[in-house]
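According to the working numbering, the sequence shown is numbered sequentially starting from 55.
Backbone N, C-alpha and C fix where the C-beta goes; we use that ideal spot for every residue, glycine too.
This one's a predicted model, so the numbers in the text were calculated from it and none came from an experiment.
Accompanying notes for the structure given below.
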Amino acid sequence: MRIDTNKLAAYYADAPADVSLADLDLARMPSHVSIIMDGNGRWAEARGLDRSRGHVAGVDALREAVTTSVRLGLDAFSVYAFSTENWRRPQREVDLLMHLFATTLVKELPLFHQENVRLRFLGDLTALPERTRKVFQQGLDETADHTGMTFALAVNYGARAEIVRAARMIAEEVAAGRLAPADVDEELVGDRLYTAGLPDPDLLIRTSGELRLSNYLLWQLAYTEFYVTDTLWPDFDRWDYLRAVVAFQRRSRRFGGVSGA
Ligand code: FPP
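Shown next as structure tokens:
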């Protein structure tokens, strides 16, 4: 995707001491960045606030991250918003998150239109409340013709469930005689995942310092570079994002081969 360098420079004015736009190599930009947004609860608790306030603050951080992703010219940006395990949280918190997903999506539609962002969901949406599902569908319909960055929201997503679902689809196709076992290869499996058609993430960012994958994109992250920051998600801003991309660009990606080969 093309970068609007004027918009990017304006967006990244007033640099802090440790990082600036000059550190970025525009010829080596990632195509897809994914983020595990973690630390909303701790952010709120550190301020003596209810956890819900952390999620509300997390929405602001997410809005900025979407804009940053567009300014950086990404093809795809994805975030882990709600896992299949998150249903175990207190009902009040689950309800608030479902409500936030729906209200935020409606509120942010003008941003998606303005920035030509196409929306997509990763996960099993059938288990979501009716209103959340309706709003998600509205978001899909209204952004279907957009040709800019894809923004993928993982909601009720679990990577193992995603792989089981793909395996079942393939088994059914084989049983029906539409596929032969020998047809099953990596591309065919990838086409049956929620991320079908998206490039694999080049960079995975996890906030709040945890060093685990939490059942996120297990298949798609095979060769992804990981970047973990102690910053809690509501505090994650365009400069933290820039630090992550600059760190990514300084690594040598070999995809199992050797450098320079
Ligand atoms: C992790 O923090 C965050 C979540 C489980 C929810 C992510 C939701 C948002 C960023 C807000 C709304 C998003 C959208 C898409 C509108 P945590 O609660 O696990 O924090 P903790 O580890 O400190 O408890």
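Counting only the Cα atoms, S313 lies some 42 angstroms from L179. Closest in alpha carbon position to T285, among E279, G263, R304, R305, is G263.
For the pair A208 and L176, the CB atoms are nearer than the 7 angstroms cut-off.
A distance criterion of 6 angstroms places the beta-carbon of V73 beyond contact range of the ligand FPP, judged by its closest non-hydrogen atom.
When beta bridges are read from the DSSP output, T204 appears opposite A130, R172. Secondary structure at L296: helix, using DSSP grouped into helix, strand and coil. Here A67 is exposed, its C-beta having fewer than 16 other C-beta atoms within 10 Å. Spatial neighbours of L151 in its own chain (CB-CB distance under 7 angstroms, excluding positions within 5 residues in sequence) are listed in chain order as H109, F136. Following the DSSP letters along the chain, one finds R304 in no alpha helix (DSSP H), marked with neither H nor E. For V113, the enclosing alpha helix (DSSP H) has its first and last residue at 105 to 125.
Contact between V300 and D77 is confirmed by a C-beta separation of about 5 angstroms, below the 8 angstroms threshold. In summary, H167 is exposed, with fewer than 16 beta-carbon neighbours lying within 10 Å of its beta-carbon over all protein chains present. Around the beta-carbon of Y277, fewer than 16 other beta-carbon atoms lie within 10 Å, marking it exposed. Under the three-state reduction of DSSP, N210 is assigned to strand.
For the pair of segments examined, the stretch 119 to 132 was found not to touch the stretch 96 to 103: the number of CB pairs separated by less than 8 angstroms stays below three. A direct Cα-to-Cα measurement between N94 and M83 gives close to 28 angstroms. In the three-state reduction of the DSSP assignment, Y281 falls in the strand class, which pools E and B.
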